[in-house]
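J.: Numbering (the UniProt record's numbering), first residue to last: 1 to 1259. Idealized CB from N, CA, C, for every residue including glycine.
#1: Among 13, 32 and 31, which one has its Cα closest to the Cα of residue 23?
#2: Specify the secondary structure class of residue 811 as computed by DSSP and reduced to three states.
#3: Shortest alpha-carbon distance to residue 1185 belongs to which of 830, 1200 and 1214?
#4: Please list the segments of the alpha helix (DSSP H) lying wholly inside the UniProt domain "RNase H type-1" (952 to 1083), counting only runs of 4 or more residues, in order along the chain.
#5: Could you spell out the range, first to last residue, of the alpha helix (DSSP H) harbouring residue 754?
#6: Quick check on residue 803: does DSSP put it in helix, strand or coil?
#7: If distances are taken between C-alpha atoms only, which option among 266, 569 and 210 comes closest to residue 234?
#8: What is the DSSP secondary structure of residue 903, reduced to helix, strand or coil?
#9: Assuming contact is defined by CB atoms lying nearer than 8 Å, are residue 111 and residue 391 in contact in what I supplied?
#10: Can you give the Cα-Cα distance for residue 964 and residue 1027, rounded to whole angstroms?
#11: Cβ of residue 601 within 8 Å of Cβ of residue 464?
#12: If you drop the 5 nearest sequence neighbours on each side, which residues of the same chain put their C-beta closer than 6 Å to that of residue 724?
#13: So the alpha helix (DSSP H) residue 637 belongs to, where does it begin and stop?
#14: Can you find at least 3 beta carbon pairs, one from the segment 481 to 488 and one from the segment 595 to 615, that sit closer than 8 Å?
#15: My understanding is that residue 570 touches residue 691, with C-beta atoms under 8 Å, so please give their C-beta distance in whole angstroms.
#16: Let me confirm a value: residue 50 is counted as buried when at least 16 other C-beta atoms fall within 10 Å, else exposed. Which label applies?
#17: Is the segment 1070 to 1081 touching the segment 979 to 994, taking contact as three or more C-beta pairs under 8 Å?
#18: Go through the segment 589 to 624 residue by residue and report every complete run of the alpha helix (DSSP H) that reaches 4 residues or more, in order.
#19: Thinking C-alpha only, which one of 378, 249, 459 and 64 is nearest residue 41?
#20: Please report the distance separating the alpha-carbon of residue 1074 from that of residue 973.
#21: Could you give the C-beta distance for residue 1226 and residue 1145, rounded to a whole number, given that I count them as a contact under 8 Å?
#22: Using alpha carbons as the reference points, say which of 631, 641 and 678 lies closest to residue 656.
#23: Using alpha carbons as the reference points, say which of 994, 959, 699 and 971 lies closest to residue 977.
#24: Sorted by chain position, which residues of the same chain lie with C-beta nearer than 7 Å to residue 587's C-beta, five sequence neighbours on each side aside?
#25: Per DSSP, which one or two residues make a beta bridge with residue 168?
#26: Compare the Cα-Cα distances from residue 272 to each of 307, 298 and 225 and report the closest residue.
#27: Can you pull the DSSP bridge partners for residue 100?
#28: Going by C-alpha to C-alpha distance, which of 626, 19 and 142 sits closest to residue 83?
#29: Applying the criterion that 16 or more other CB atoms from any shown protein chain within 10 Å of the CB defines a buried residue, is residue 382 buried or exposed?
#30: Three or more C-beta pairs closer than 8 Å, one from the segment 509 to 519 and one from the segment 629 to 647: is that the case here?
#31: So the alpha helix (DSSP H) residue 561 belongs to, where does it begin and stop?
#32: Which value, in whole angstroms, describes the spacing of the CA atoms of residue 497 and residue 531?
#33: CB residue 685 to CB residue 662, shorter than 8 Å?
#34: Nearest to residue 150 by alpha carbon, out of 175, 180 and 137?
#35: Output needed for residue 144: all residues of its chain with C-beta closer than 8 Å, excluding positions within five of it in sequence on either side, in chain order.
#36: Using the Cα positions of residue 524 and residue 1040, report the straight-line distance between them to the nearest angstrom.
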């Protein structure tokens, strides 16, 4: 059993699984300033026992006295019992403990000992299971604190039961208080026992009142309070001007502190403060209080034999039912709170509910062991060990001289848009640093005083200073998932929670550094992580394609996967600064990075205890937006050195995961190349203070060849990495989330993803029960949390495999039932269609086609773009003999059955759905510095734009338009009036396979050419009616139409050009003429191909669009999507004909006949329930009125199947849902109700998480 509570830190034993563990200790989080708790698993690690050291603190938060609490559950162990541990011998749990090592000084033993003895119960008639406990009490001289004659486990038989004991050592003495609290009974059959001991200092027992945050959203929802808060801020800021270029470093540091303190003061004054509390239960109410009071009285009466056991059981069950009902109602209200007009709030609640249901990882730490055998049991020892492991001093840290960097000019580029982007492109859910000011609070500050934030950011880069107050990180200790031993310190990692305002500046720096690296091309092309448009799938795809190319040449491919040791934590700041200088980065950015990396501090939080801040002098902080790009810059040099030193080696990487590929004719040749490459990497690492983790290094040999001799060679082969011999894995190897087997069929990867997807299904299924999320939100959860897991990497393996297709289709069927609530007998077609899910085959093909069109859109220097055959990317109409490799056009040969390389298969799939011949190639995008249009762009509101177009000043005006006919032909046209009043026109025929977007851009380029050829230096205005084309012309960033935008910018530089929007078909003569010319051009037949226009055919063509969107009616009904789940499921069941109605239940033999329960008619059908049953005549009249209000014709007697028309008409859904809500039509029968009730009883587990969220300000 697992439970959690946001107000308590809960400790569990490390030994055994959760089902084996019988003890737990919960410590109130608000006692952080009163006690420190340490789990002593070094003394005792057992599922039936726990040892906790509780240290009392003085006013200076220093440890002054330790009390050891030993929580015990004594019972039989061994063969045939619940747990036996390492020995199958039958024994009591107390016998497993070395008590001489555990009992020391002040000790309190508490627990359920399941033993009877006159030693603690004079009325006990016999000694039962008491031997080990009696021996322990006598040997250790323990004092029994139980009140004489008070039962700890009520019973009605003669005598009393005392099995829950509190034992103290002589050093501790008797407890000040031991009592049974009968006024607050729990679900246990044991009494609730309260114990106290005397505190060392008579200090206030008031729990901590530390503020953990503020309810910003509540403040924003109150206009008056928000205005008062804004006024308070403006009053504070009135006497403090924003920073200017004359400010000093001290001024900058002081400004950062002032903003933090002032904003905190404003929020403390005007926003509701959040504090940790152990008493928050949103479901607790008067009904539960009364039920608990009744149960308490019943227990007392039962012990006095005033009531029977059956009456006690009924009182107890009533108490349980009240709690369950209250929890369930609270949870279901939260889940089903969708509105008629779903918005961001509903979507946020959907993901919040999904997050609540995640299994929470344990946040406590046992006694830790270091890599050299160090033992850390106290908080101070753990802190020192974690500090040493997580923040080591990088080798050579003090050997580097500080480089002198001259100031730069980049700070002058910082503007409002740049800072706003950095602020608003970071999630508001991110945890804040020590100052508790999150991004939601900073967005509020932006509304009040954005110039101050902009000025602060600009001065950070001008002065090359990251303010000291932002350099103190809160270090959160997290368990790494799926580690076998959590007593090892390496099983933990530290995440740095940084100041959120500092993160805004870090985000600005990260974007600027990344842009410089991409523009200058200084990073290795095989580096995929932390760069835009370079995903983990791209890295794996490159590996697969390179392997396929080597296989064509009958070669073997070996891959060595290296892991950088320590990664972020081992970065040497001085070496990194030198690398930035080599990259010719602006001085402002280098100086800021230098400041950012020096004089950093971290304050660890271990088991709810805040440790003192300590300096760290190496590494880049995990959690900072700028750390990933800095790390890959630091690592970038190794790839060039390897490929330059070892012929035939290819390097791929994603962050700190490196893959080295070597091909050869034999296993020995492959091993030799990999051996040389790894030696070069290690040598480079020694020179550049980078270490590779030999223990995590893996190797795989990829081949489709078979044979015993080859298999033996592979098994014997080894690659030596820093003294560690690495064999080739015989099984699949995981790299970047993809399991690579030797034949690259990715079968293991598919099976692994399906297992994870099924686990995710089980995880989210409770959100989709009859009282769970509305269907629309349930669909979002299913697609995001389940389908995304199952289909990860599917673009790499999908080639029509029927077994995999069947597995994914079964998953989609289950998802559809979870979304709609339809019965299991519902046919798959209607089931999937009503859920708005795509069939498996369409889903897989769409994913693969999206990936192919994405590859086509990548810049030319992107290695993943080269996956596609050059004859597909660039065309082959003008290829010279020998220019393209043999077999490069296999994708175009429909008779070829493979085997296909990855690129050939992707090209073949996309070519099969293109409406035009792709032999002329696709538009190439380039990575370039984005430039603004070298002229003016005017997009006025409709009436103003029309008036401006009709009253143009004397200048050259050229009207442009694009057109696409129903037969798929496209054309562009331009029209202009010469000084004499004569109209001239030009048409540009494009032919099939293009969109209006292409034609509009083509028309603008042609218009600019005409203006340039006129050459009379007059200002020129280009008028068109496509705002999409105008938006594309504003910049030259990679994307659809980039080549045309670059061409337009180049021509416009020699003109005084204005691009102006005009409403289309508004009677403006120039626009109408251009439209006519464009239509005529579209009708013309042309043999000229515009290669750069076909860049996004697969995405923009009508044929391609059908691949990416479901059929028109394959979507959730909008009204049903937001309806409560229990109501929507009845609607969907009726719509499918498989519902809890007499006709269907009789057909599936769930009941003996089809009699209507409402009126007694012998045949209960959907038609009868909706239009004939006398029981629902009043509700039916309202249904007809609602249908008329929604514009739906009411049923008539002459209509043969009115139910089919109404259930198929989206406008009728709202009225039908209201009708179902007011009736019991299609409600489950008794056997279905029992099934639903069993599911509902389990639907409570989300409440503890919901309560925790309220305490932390998330719920």
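T.: Judging by the given coordinates:
#1: One-based indexing of the chain shown puts residue 23 at position 23. Residue 23 has its Cα closest to that of 13, out of 13, 32 and 31.
#2: As a position in the chain shown, residue 811 is number 811, starting the count at 1. In this structure, residue 811 counts as helix in the three-state DSSP scheme.
#3: Taking the first residue of the chain shown as position 1, residue 1185 is located at position 1185. Ranking 830, 1200 and 1214 by Cα distance to residue 1185 puts 1214 first.
#4: 996 to 1014, 1027 to 1033, 1042 to 1052 and 1069 to 1083
#5: Position 754 of the chain shown holds residue 754. Here the alpha helix (DSSP H) through residue 754 covers 747 to 764.
#6: The count along the chain shown starts at 1 and reaches residue 803 at position 803. Note: residue 803 maps to helix in three-state DSSP.
#7: Counted from its first residue, the chain shown places residue 234 at position 234. Nearest option by C-alpha distance: 266.
#8: Locating residue 903 in the chain shown gives position 903, where the first residue counts as 1. Three-state DSSP puts residue 903 in a helix.
#9: Working through the chain shown from its first residue, we reach residue 111 at position 111. Working through the chain shown from its first residue, we reach residue 391 at position 391. Against a cut-off of 8 Å, the Cβ pair of residue 391 and residue 111 comes out as no contact.
#10: As a working note, residue 964 is residue 964 in the chain shown. As a working note, residue 1027 is residue 1027 in the chain shown. Distance between the alpha carbons of residue 964 and residue 1027: 17 Å.
#11: Numbered from 1 along the chain shown, position 601 holds the residue referred to as residue 601. Numbered from 1 along the chain shown, position 464 holds the residue referred to as residue 464. Their beta carbons are not under 8 Å apart, which means residue 601 does not touch residue 464 by this criterion.
#12: The sequence position of residue 724 within the chain shown is 724, counting from 1. These residues qualify, in order along the chain: 694.
#13: Here residue 637 refers to the residue found at position 637 when the chain shown is read from its first residue. From DSSP, the alpha helix (DSSP H) with residue 637 extends over 637 to 645.
#14: no
#15: Indexing the chain shown from 1 puts residue 570 at position 570. Indexing the chain shown from 1 puts residue 691 at position 691. At roughly 7 Å, the Cβ-Cβ gap stays under 8 Å, so residue 570 and residue 691 are in contact.
#16: Here residue 50 refers to the residue found at position 50 of the chain shown. Flag for residue 50 reads buried.
#17: yes
#18: none
#19: Here residue 41 corresponds to residue number 41 of the chain shown, with the count starting at 1. Taking only the C-alpha atoms, the option nearest residue 41 is 378.
#20: Residue numbering aside, residue 1074 sits at position 1074 when the chain shown is read from its first letter. Residue numbering aside, residue 973 sits at position 973 when the chain shown is read from its first letter. Residue 1074 and residue 973: Cα-Cα distance of roughly 5 Å.
#21: Indexing the chain shown from 1 puts residue 1226 at position 1226. Indexing the chain shown from 1 puts residue 1145 at position 1145. Residue 1226 to residue 1145, Cβ: 11 Å. No contact.
#22: By 1-based counting over the chain shown, the position of residue 656 is 656. Looking at the Cα atoms, 631 is the closest of the given residues.
#23: Counting from one through the chain shown, the residue named residue 977 turns up at place 977. With distances taken between Cα atoms, residue 977 lies closest to 959.
#24: If you number the chain shown from 1, residue 587 lands on position 587. Excluding residues within five positions, the ones whose Cβ falls inside 7 Å are 405, 406, 407 and 408.
#25: Locating residue 168 in the chain shown gives position 168, counting from the first residue. Per DSSP, 108 and 143.
#26: Residue mapping note: residue 272 aligns to position 272 of the chain shown, counting from 1. Checking every option, the nearest Cα to that of residue 272 belongs to 225.
#27: The residue you call residue 100 lines up with position 100 of the chain shown. According to DSSP, which records beta bridges pairwise, residue 100 is partnered with nothing at all.
#28: Locating residue 83 in the chain shown gives position 83, counting from the first residue. Ranking the options by Cα distance to residue 83, first place goes to 19.
#29: One-based indexing of the chain shown puts residue 382 at position 382. Looking at its Cβ environment, which holds 16 or more other Cβ atoms inside 10 Å, residue 382 is buried.
#30: yes
#31: On the chain shown, position 561 is the one that residue 561 refers to. Here residue 561 belongs to no alpha helix (DSSP H); instead the beta strand (DSSP E) covers 556 to 563.
#32: Position 497 of the chain shown holds residue 497. Position 531 of the chain shown holds residue 531. Roughly 23 Å between the two C-alpha positions.
#33: Locating residue 685 in the chain shown gives position 685, where the first residue counts as 1. Locating residue 662 in the chain shown gives position 662, where the first residue counts as 1. Their beta carbons are not under 8 Å apart, which means residue 685 does not touch residue 662 by this criterion.
#34: As a position in the chain shown, residue 150 is number 150, starting the count at 1. The residue with the shortest Cα to Cα distance from residue 150 is 180.
#35: Along the chain shown, one-based indexing puts residue 144 at 144. The residues are 119, 120, 137, 165, 166 and 167.
#36: Within the chain shown, the letter at position 524 stands for residue 524. Within the chain shown, the letter at position 1040 stands for residue 1040. Residue 524 and residue 1040: Cα-Cα distance of roughly 26 Å.
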